[in-house]
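In what follows, a structure is listed as structure tokens, so that the remarks can point back to it.
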Ligand SMILES: CC(C)(COP(=O)(O)OP(=O)(O)OC[C@H]1O[C@@H](n2cnc3c(N)ncnc32)[C@H](O)[C@@H]1OP(=O)(O)O)[C@@H](O)C(=O)NCCC(=O)NCCS
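Numbering (our numbering), first residue to last: 0 to 169.
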């Protein structure tokens with residue numbers, strides 16, 4: 000499998016826009032804020048997020064966050080988000096890393112691959128332990144996390160599910 004992971008850029012081609020349109024706006028706790036945007040709005044989204052990745056123009060309470068795109072054997076398979084550090088909110092909701100594989104590419108091992116690749120980026124910016132929070136019923140994502148060394152610390156009961164807190168030592 001030929002793998003490429005790179006950060007989102009200020010200008011992205013149509014294939015990237017199409018991938019963001021294929022992934023639902025929200026699924027099992029993973030949010031895709033670019034779903035439903037027009038092409039023009041998406042360009043604006045990309046520019047803004049490149050800024051957030053550099054810590055520029057962050058909304059109050061937000062930390063620097065980088066979006067990454069995964070290509071596998073030439074096919075754009077999904078995207079991930081990496082928060083550069085945790086604040087109180089992220090410590091309780093969301094953690095460092097989130098990932099989504101486009102529905103047409105699922106079940107091929109790309110979930111495992113995207114997390115492996117993003118963890119290398121996390122280590123490179125000095126994150127020593129990465130936190131992932133995953134709903135208890137999201138078995139596929141829990142497998143992805145455990146495949147990558149995730150250790151379950153606790154499951155915090157919510158109204159409709161339990162939130163699993165996994166830590167990965169880097
Ligand atoms: C979670 C997600 C990223 C997994 O991506 P994927 O490419 O389908 O995952 P993989 O093919 O790498 O499979 C991961 C594991 O799940 C297993 N799996 C795949 N489909 C499954 C299913 N329907 N039920 C149970 N296990 C399943 C695979 O066997 C694999 O386990 P293994 O390594 O022990 O064999 C993808 O389903 C997704 O984008 N979901 C929506 C967003 C989301 O939930 N993100 C995570 C939020 S914390």
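The beta-carbon is built from N, C-alpha and C at its ideal position, and this holds for glycine as well.
Source: prediction; values computed, not measured.
Would you list the residues sitting across from residue i in a DSSP beta bridge?
i           : result
residue 168 : 128
residue 68  : 5, 78
residue 113 : Paired residue(s): none; residue 113 is not in a bridge.
residue 97  : 80
residue 25  : 30
residue 163 : 133, 154
So for residue i, helix, strand or coil by DSSP?
i           : result
residue 121 : helix
residue 151 : strand
residue 158 : coil
residue 11  : coil
residue 134 : strand
residue 141 : helix
residue 18  : helix
Compute every distance between the C-beta of residue i and the non-hydrogen atoms of ligand 1, then say whether any falls below 7 Å.
i           : result
residue 43  : no
residue 146 : yes
residue 152 : no
residue 98  : yes
residue 64  : no
residue 109 : yes
residue 122 : no
residue 78  : no
residue 117 : no
residue 58  : no
residue 73  : no
residue 137 : yes
residue 106 : yes
residue 174 : Only positions 0 to 169 of the chain appear in this structure, which leaves residue 174 out of reach.
residue 26  : yes
Would you mind reading off the limits of the alpha helix (DSSP H) that contains residue i?
i           : result
residue 48  : 38-52
residue 170 : Residue coverage of the chain in this structure runs from 0 to 169, which leaves residue 170 outside it and unanswerable.
residue 91  : 87-91
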